[in-house]
Every structure is written in structure tokens, then in C-alpha cells.
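Undergrad: The structure's right below; bear with me while I get my questions together.
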Ligand SMILES: [Zn+2]
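Right, here's the structure in full:
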């Protein structure tokens, strides 16, 4: 079993590799915001499967970040400055975050289909979804978990 440091380091490496691969393969100039988003989605994807463990790095991070982000985004949305897809994504991720905490360790969040489904709120941003999937794949490989469901 790998700890958050190993998964996080793999997520950073894979995030940088994903940004480089997307930039090269699409022959488009990735704007800094999109590149940062891909990197962040990959890093979060590399840590997220362990959200079903109380003392994991991602659990402790999201325990603070999700309620704060939800509150800020609802406020921003009510003032008319946020996109609907952004609000949907944060609310869906928040709901999923709270739901998966009740699962047993290395079950749904350590399956290929589980991580594909948990990334659905990011489908509004295809590059971020790709980053998420790459990060999740690195986690499953390090944990040696290759279950489809
Ligand atoms: Zn794990």
C-alpha cells in the first residue's frame, strides 16, 4: 500500500506529463489556466481513491476544501459571476465526496468504472477529465488494483 506522498508524487509527475502530452498531441497552445487545471485534476485524481480512508491526505484536504469551495461557489453563482457547469461540477463532486466516505476501503473508489464515474462532473472540461483519469490510473497502478468494478 502506498501512502499519500507516493501517490501525490506520482500525481505531480503524471500531471506534468499529461500537460506536456496534451500540448504536443493537440498542437494547440494550452493556456496557463487550462494547463494548471489539467495538472490539478491529475494530482487530485492520483489521491482521490483513498478518500474512503479517514486519515488519508485527500480526505483531510477535502474535509476543508469541499465545504469552503461549495460555499464560495454558491455565493459567486448567486452574484451571477459563475458558470452553471462550474456550480454543477462542484456540487456533484461535493455530493460524491460525502457519499464515498461511507464505502469500504479499496472497493468502489479503487475500480476503473468507479473512477470513470466519479470524474463525470469534469466532463464539461474534457482536458480536466483526461487529467483526472490519468491521475486515477496512476493510483490504481501503485495500489496494484485492476478491478473493473
Ligand atoms: Zn489507494
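Numbering (the numbering used here), first residue to last: 70 to 218. We put the CB at the ideal spot given by N, CA and C, even for glycine. Remember, it's a predicted structure, so these values are computed and weren't measured experimentally.
1. In angstroms with no decimal places, state the Cα-to-Cα distance between residue 206 and residue 138.
2. Note down the Cα distance separating residue 148 from residue 141, rounded to an integer number of angstroms.
3. Nearer than 8 Å: is that true of the beta carbon of residue 132 relative to any heavy atom of ligand 1?
4. Bridge partners of residue 216, per DSSP?
5. Taking residue 103 as the reference, which of 200, 131, 211 and 214 has the closest Cα?
6. In chain order, what residues of the same chain lie with their CB nearer than 6 Å to the CB of residue 87, ignoring the 5 residues before and after it?
7. With a cut-off of 8 Å on the beta carbons, I'd call residue 225 and residue 131 a contact; round off their distance for me.
8. When you compare the stretch 181-199 with the stretch 149-160, are there three or more beta-carbon pairs, one atom per stretch, that lie closer than 8 Å?
9. Could you say which of 122, 79, 95 and 133 lies nearest to residue 114 if we only look at CA atoms?
10. Do residue 126 and residue 73 have their C-beta atoms within less than 9 Å of each other?
11. Tell me whether residue 150 is buried or exposed, calling it buried when 16 or more other Cβ atoms sit within 10 Å of its Cβ.
12. With a threshold of 8 Å (Cβ to nearest heavy atom), would residue 175 be considered close to ligand 1?
13. Tell me which residues share the same chain as residue 208 and place their Cβ nearer than 6 Å to its Cβ, disregarding the 5 neighbours each side in the sequence.
14. Is residue 118 near ligand 1, in the sense that its beta carbon is under 8 Å from a heavy atom of that ligand?
TA: In short:
1. In the chain shown, the residue the question calls residue 206 occupies position 137. In the chain shown, the residue the question calls residue 138 occupies position 69. Cα to Cα, the separation comes out at about 25 Å.
2. Working through the chain shown from its first residue, we reach residue 148 at position 79. Working through the chain shown from its first residue, we reach residue 141 at position 72. C-alpha separation (whole angstroms): 11 Å.
3. Stepping through the chain shown from its first residue, residue 132 is reached at position 63. Not so, every heavy atom of ligand 1 lies at least 8 Å from the Cβ.
4. Here residue 216 refers to the residue found at position 147 of the chain shown. Looking at the DSSP assignment, residue 216 forms a beta bridge with 180.
5. The residue given as residue 103 occupies position 34 in the chain shown. Closest by alpha carbon: 200.
6. Here residue 87 corresponds to residue number 18 of the chain shown, with the count starting at 1. Around residue 87: 107, 111, 200 and 203.
7. A question about residue 225 goes unanswered here, because the residues of the chain that appear run from 70 up to 218.
8. The answer is yes - the stretch 149-160 touches the stretch 181-199, with three or more Cβ pairs under 8 Å.
9. Indexing the chain shown from 1 puts residue 114 at position 45. With respect to the C-alpha of residue 114, the residue from 122, 79, 95 and 133 having the closest C-alpha is 79.
10. Numbered from 1 along the chain shown, position 57 holds the residue referred to as residue 126. Numbered from 1 along the chain shown, position 4 holds the residue referred to as residue 73. It is a contact, given that the beta carbons lie within the stated cut-off.
11. Here residue 150 corresponds to residue number 81 of the chain shown, with the count starting at 1. With fewer than 16 other Cβ atoms within 10 Å, it is exposed.
12. The residue labelled residue 175 in the question sits at position 106 within the chain shown. Checking the 8 Å criterion, the Cβ of residue 175 is within range of a heavy atom belonging to ligand 1.
13. For the purposes of this step, residue 208 is identified with residue 139 of the chain shown, where counting begins at 1. Its chain contains 76, 115 and 118 as the residues whose beta carbon lies nearer than 6 Å to that of residue 208, once the 5 sequence neighbours on both sides are disregarded; these appear in chain order.
14. As a working note, residue 118 is residue 49 in the chain shown. Within the cutoff, so yes.
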